[in-house]
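Enquirer: Each step along the sequence shown adds one to the number in the UniProt record's numbering, with nothing skipped, and position 425 is 425.
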Amino acid sequence: MISQDKRNIMIATGAATLVLIGGIATFWGITSKQSQSQGLLGSELLPENTLMAISVTTDERQWTKLRQFGTPESQKIFDGKLTELRDRFLTANGYNYVEDMQPWVGREITIGFLPPPGLNLTEKEKESTPPTAPGTLASQSVVMVLPIANAAKAKQFLASPKSVGQVKWVDRTYQGIEIKETVDRIPENYSISVIGGKYLAIANSSEAINRAIDTYKKGSSLREGSGVKQAWANLDESRAFAQFYVNIPVAAAVTALQLDQAVSPQSLASVQQQQGMATNVMLEPEGIRFQSIAWLKADSDRKYPIPKPGDSILNRLPSETSMVVSGENLQQLWQDYIQGTQTNPLAALKPDWLPTAIKNTTKLDLEKDLLSWMAGQFALGLVAAGENNNDSKFQSALVFMVKASDRRAGENIFRQLDQVMAEQYNFKVEPGKIGEEPIVNWTSEYGALQVTHGWLDGDLAFLTFGAPLSPTFVPKPSNPLGMNQEFQQAVPSQLSPNNGQFFIDVERIINQNPPSWLRLPPDQKTMVNGIRSIGVTAANLSPRTAQYEIFVRLKTAGTPGPLPPAKD
């Protein structure tokens, strides 16, 4: 599995995408007054153990800005999806946003996803709620919190809820607060209430609206959650289009309930040492920026490694690098991957396949023979071949670099690999030189594949597969990756020193002439064509706090026109 830090980057990326999708799905075209946010507005109605919370702006100008990104073709598809979702979530329920909601709604709207009954993490709640059966999960409880900017208009909205079809509304009171609820509505009922005169809450069950009221009256809300205030204080909220928070221990527990296989207590305990992650999503002239803070529990035994100042391994790669991932410690990355893969929903690939594949092809043990001496910086990149690459069938080369913690052990392994490739696979193994640097070339029997390995700066091992590009970075690249303009514009540089970075030149590697394994179906390619590049930087700020920044650099299609009118 990827390291805990890289895993959090992936979670931040995937979850931040959910912010956009979730916001678009429910609130397209939302408009209202602007103001500065301090964390998730309305979070005082959400329990402290809320699984995830998403907040989106109601500023029409920001939504228009979002629709400007992409190409004319992708913009058309995107607007079509917005129209479908608007009709599904608003029109189908008898509502017109401009007429029914805009007059009273505040500057942003928050959606909270509550943990299922029986998953509350306090002992008192566990005693009062029957546990959920293993392998099952109760239906998701959702609370939508809409801040009230005009109390009179909101009261009018609540007094006359609209009904589509044979929907019946009933009134009830809980904790002295009036609630309106649908009865026998398919597929689910809804509960609506004005809470504290400041918020209109909409929930998909009576139990969920009751929990929101209990939280508002009795405290223990997400706003007071462990580390939440400090996290938002470290993020720039002034330009946020959307914000989101995830409770990692609760998310891990919910994931464990949904997995077909049992999760070991050790794996679950490892993930539950983390407390939460907060993310800001900002729209910028050239794309979308995600800023995230993740933090550990106060009593966690784990500590984040603090990055050391020094030269980045990315400086050893040439500017022709079109995709790369780097990190501080490859050995630790693998250990974290194994430990957390069972409770990580993003870990599509289980770790067993890689050691097995390496054992079957090279007779080497991944952990004992390879990772044992790879405890330093590493980088894995795809480097494009130049126009003069006439001697190779490959348009690019895969380049792997790792700083060895034990060069002697690394040299022994390379000698073993030389022997395996020569004797078992009939590769031609020849020593050579690039300048004064010794290298070893492996060439397949018919010359279809070439592999080169060697050492740089005494302890930096490298291995290339594909086009013969070693001369572009041995002994040093004449134009390092840091001079690549797309890399400079995409990869966040404010977090320095850092624990790792990721970069992909989407325009170059996917949109122009992609290799077969990166070719996409037409609809997906149309959307991806709107992306120029993606950059990620991760840095641990303290032993208990990590920060991640992601920038998706996009094309601009121009000012969008109005969406089609709602269907009757």
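Beta carbons: idealized from backbone N, C-alpha and C, even for Gly.
The structure displayed is predicted, hence computed values, not measured ones.
Taking C-alpha atoms, which residue in Pro514, Leu41, Asn499 lies nearest to Leu541?
Expert: Answer by Cα proximity: Asn499.
Enquirer: Quickly, what does DSSP pair Ile202 with across the bridge? List them, please.
Expert: In DSSP, Ile202 forms a bridge with Met144, Ile192.
Enquirer: Round the Cβ separation of Arg544 and Tyr304 to the nearest angstrom and send it over; I've been treating them as touching at under 8 Å.
Expert: Arg544 to Tyr304, Cβ: 7 Å. Contact.
Enquirer: Around the Cβ of Val194, are there at least 16 other Cβ atoms within 10 angstroms (buried) or fewer (exposed)?
Expert: The residue in question, Val194, is buried, as its Cβ has 16 or more Cβ neighbours within 10 Å.
Enquirer: Once the 5 residues before and after Gln140 are set aside, which same chain residues still bring their CB inside 7 Å of it?
Expert: Answer for Gln140: Phe113, listed in chain order.
Enquirer: Buried or exposed: where does Pro515 fall if 16 or more other Cβ atoms within 10 Å of its Cβ makes it buried?
Expert: By the 10 Å Cβ count, Pro515 comes out exposed.
Enquirer: Let me check understanding here. Comparing Cα to Cα, which of Ile293, Gln424, Phe394, Glu207 lies closest to Val246?
Expert: When only C-alpha atoms are compared, the closest one is Ile293.
Enquirer: Have a look at the DSSP bridge pairing and note the partners of Ser326.
Expert: DSSP output for Ser326 lists Ala379 as bridge partner(s).
Enquirer: Tell me where the beta strand (DSSP E) around Met282 begins and ends.
Expert: That run of the beta strand (DSSP E) goes 274-284.
Enquirer: Relative to the C-alpha of Arg185, which candidate in Gly435, Gly176, Val170, Gln175 has its C-alpha closest?
Expert: Considering only alpha carbons, the answer is Val170.
Enquirer: In three-state terms, what does DSSP make of Arg519?
Expert: Here Arg519 sits in coil by DSSP.
Enquirer: Give the list of continuous beta strand (DSSP E) stretches no shorter than 3 residues that lie fully inside the region 384-461.
Expert: Runs found: 396-403, 428-434, 437-443, 450-456.
Enquirer: Which of the three DSSP states, helix, strand or coil, is assigned to Ile177?
Expert: In this structure, Ile177 counts as strand in the three-state DSSP scheme.
Enquirer: What three-state label does DSSP hand Ala256 in the structure shown?
Expert: Helix, per DSSP.
Enquirer: Tyr95 to Lys162, Cα distance in whole Å?
Expert: Cα-Cα distance, rounded: 7 Å.
Enquirer: With distances taken between CB atoms, is the gap from Ala557 to Gln68 smaller than 8 Å?
Expert: Yes, Cβ-Cβ distance for Ala557 and Gln68 is below 8 Å.
Enquirer: Could you tell me the boundaries of the beta strand (DSSP E) in which Asn540 lies?
Expert: Unbroken beta strand (DSSP E) run through Asn540: 531-542.
Enquirer: In this structure, how does DSSP classify Gly70 when only helix, strand and coil are distinguished?
Expert: DSSP places Gly70 in coil when its eight states are reduced to three.
Enquirer: Taking 8 Å as the threshold, find out whether the region 206-220 comes into contact with the region 83-100 through three or more Cβ pairs.
Expert: In short, these stretches do not touch, since the Cβ pair count stays below three.
Enquirer: Taking 8 Å as the limit between beta carbons, can you name the residues of its chain near Lys124, skipping five residues before and five after?
Expert: Reliability fails at Lys124, whose pLDDT of 38 lies under 50, so the model's placement of it is uncertain and no value is given.
Enquirer: Ordered along the chain, which non-local residues of its own chain (more than five positions away) have a Cβ less than 6 Å from that of Asn329?
Expert: Counting only Cβ-Cβ distances below 6 Å, and skipping sequence neighbours, we find Ala375.
Enquirer: For the alpha helix (DSSP H) holding Trp232, just list the boundary residues, first then last.
Expert: Here the alpha helix (DSSP H) through Trp232 covers 228-233.
Enquirer: Report the rounded CA-to-CA distance for Gln419 versus Ile534, giving the unit in angstroms.
Expert: The straight-line gap from Cα to Cα measures roughly 40 Å.
Enquirer: Applying the criterion that 16 or more other CB atoms from any shown protein chain within 10 Å of the CB defines a buried residue, is Asp301 buried or exposed?
Expert: Exposed, since its Cβ has fewer than 16 Cβ neighbours within 10 Å.
Enquirer: How many Å lie between Pro564 and Asp236 at the Cα?
Expert: Their backbone Cα atoms lie some 35 Å apart in a straight line.
Enquirer: For Phe427, which of Glu445, Val440, Gly482 has the nearest alpha-carbon?
Expert: Comparing Cα positions, the closest option is Glu445.
Enquirer: Within 10 angstroms of its Cβ, does Ser312 collect 16 or more other Cβ (buried), or is it exposed?
Expert: When all chains shown are included, Ser312 counts as buried.
Enquirer: Considering only DSSP beta bridges, list what Lys168 is partnered with.
Expert: In the DSSP output, where bridge partners are listed per residue, Lys168 has Val183.
Enquirer: Give every residue of the same chain whose Cβ lies closer than 7 Å to the Cβ of Gln153, excluding the five residues on either side of it in the sequence, and list them in chain order.
Expert: Here residue 153 turns out to be Lys, not Gln, going by the sequence shown. Counting only Cβ-Cβ distances below 7 Å, and skipping sequence neighbours, we find Pro103, Trp104.
Enquirer: Just the Cα atoms here: how many angstroms apart are Gln547 and Ala298?
Expert: The straight-line gap from Cα to Cα measures roughly 17 Å.
Enquirer: Quick one: what's Phe157 bridged to in DSSP?
Expert: Answer is none; Phe157 lacks a bridge partner.
Enquirer: If I'm right that Leu460 touches Met527 with Cβ under 8 Å, what's the distance once you round it to whole angstroms?
Expert: So it is not a contact: roughly 38 Å between Cβ atoms.
Enquirer: For Gly80, does the three-state DSSP call read helix, strand or coil?
Expert: Helix.
Enquirer: Is it the case that the region 445-456 contacts the region 357-364, given that we only count it when at least three CB pairs across the two stretches are under 8 Å?
Expert: No, the region 357-364 is not in contact with the region 445-456.
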